[in-house]
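Take numbering that gives the first Met the number 0: the final residue in the sequence shown is number 267, and no numbers are missing along the way.
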Amino acid sequence: MGSSTQESGFWKRIDDAEEYLLSGLFEQAVSAALSVSEQIHTVSLETECDRDGVIDVLESAGMVLVQALKELRRTSEMFVQLKTMFGSVASVPAKVFLTGATMQMAAGSGSDLKPIFEEYLAKWRYTNDGVYVLNGGQESSLHGFVATSVMSTKQYLEVAELYTVTFLCIVSQESETAISWVEKAELTEQGRQDLLKKLYALRSAANKKLSTVEGVKQTAERNLSTSTNGSAPSQHEDAPSTAPVHGSLKKVQLKSTQSSAQHAKKSI
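#1: Can you tell me which of R124, F166 and A146 puts its alpha carbon nearest to the alpha carbon of T152?
#2: Provide the residue(s) that pair with R124 in DSSP beta bridges, ordered along the chain.
#3: Ordered along the chain, which non-local residues of its own chain (more than five positions away) have a Cβ less than 6 angstroms from that of T176?
#4: Helix, strand or coil for S34? Go by DSSP, reduced to three states.
#5: Look up M150 in the DSSP assignment and give the residues it is bridged to.
#6: Quick check: the stretch 115–122 against the stretch 149–164, are there 3 or more CB pairs under 8 angstroms?
#7: Among E185, A205, W10 and E18, whose alpha-carbon lies nearest the alpha-carbon of S36?
#8: Decide if the stretch 49–56 is in contact with the stretch 108–117; the criterion is three or more beta carbon pairs, one per stretch, under 8 angstroms apart.
#9: Do you know offhand how far A205's Cα is from K197's?
#10: Within 10 Å of its beta-carbon, does A100 have 16 or more other beta-carbons around it, so buried, or fewer, so exposed?
#11: Which same chain residues, not among the five before or five after Q154, have their C-beta less than 7 angstroms away from its C-beta?
#12: To the nearest whole angstrom, what separates the beta carbons of Q270 and L33, a pair I think is in contact under 8 angstroms?
#13: Using DSSP with H/G/I as helix, E/B as strand and the rest coil, what is G23?
#14: One question on the structure: do G52 and V95 come within less than 8 angstroms of each other, judged by their Cβ atoms?
#15: Can you have a look at A89 and say buried or exposed, based on whether 16 or more other CB atoms are within 10 angstroms of its CB?
#16: I need the straight-line Cα distance from K69 to V149, nearest angstrom please.
#17: Are V65 and A28 close, meaning C-beta to C-beta below 8 angstroms?
#18: Taking Y131 as the reference, which of L97, K82, E185 and E173 has the closest Cα?
#19: At 4 residues or longer, what runs of the alpha helix (DSSP H) sit wholly inside the stretch 61–123?
#20: If you compare alpha carbons, which of G107, T187 and V91 is closest to N127?
#21: Going straight from the alpha carbon of D49 to that of K82, what length do you get?
#22: Got a sec, what are the start and stop residues for the alpha helix (DSSP H) S179 sits in?
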């Protein structure tokens, strides 16, 4: 597995998968990406492997997979397939995880993302070396899955921001849940303060918008009430005893009266 020839063969299959993707053959792209991961899994059980090189291959396969599933409108199954490819949700490379989660939210199929985010973020632990390490990473390797067991603070913070700011606060409108998570999470202090600052700003804007909408609603209700009361006739007002007479009708009546008087004089 460690030979450059074998690794070149994997990259050739990745090239084929990417070609399928660019050609609009999305089903074939999915199959090719999964096929590469299966072959790596099988070979890694038998021989030692160049982990860094294989991880790069798998990351590329994962990117092809999520893009093809998006085009097939099958975003809801992204993390099921990624778990098959990498052995666990937490073992998915940060780049692939971020891309898949973003696509799933954009497609409107993000209702199941909360436990996925929580599982992913909970499996990584911050160390004194300034990096995050994956809990259970060695166990995955024993089962033939090859995945990185180290993540930079920048990558972890990107996932945490997508979860708290975008998913919880903006998409799900759960700002209090997001703030509570950040306060308790294993973050660098600078990262924690940066996220809290963004979350407080979003919460303030949401509350201000809600207050404005409520104010407009109350004003509209008052105006409607005033308009309705002003247009209704008062109970003590007397209705006119006779209907108004049109001007032309008055003229006809006057002319008729004058003619009758003249006729009476002639008769006398």
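In this text, a Cβ means the ideal position worked out from N, Cα and C, and glycines have one as well. Keep in mind it's a predicted model, so treat the numbers as computed, not measured.
Quick look at the numbers:
#1: R124
#2: V132
#3: L167
#4: helix
#5: Y131
#6: yes
#7: W10
#8: no
#9: 12 angstroms
#10: buried
#11: A93
#12: Nothing in the structure corresponds to residue 270, since the chain is present only between 0 and 267.
#13: coil
#14: no
#15: buried
#16: 28 angstroms
#17: no
#18: E185
#19: 77–85, 93–105 and 112–121
#20: T187
#21: 21 angstroms
#22: S174 to K183
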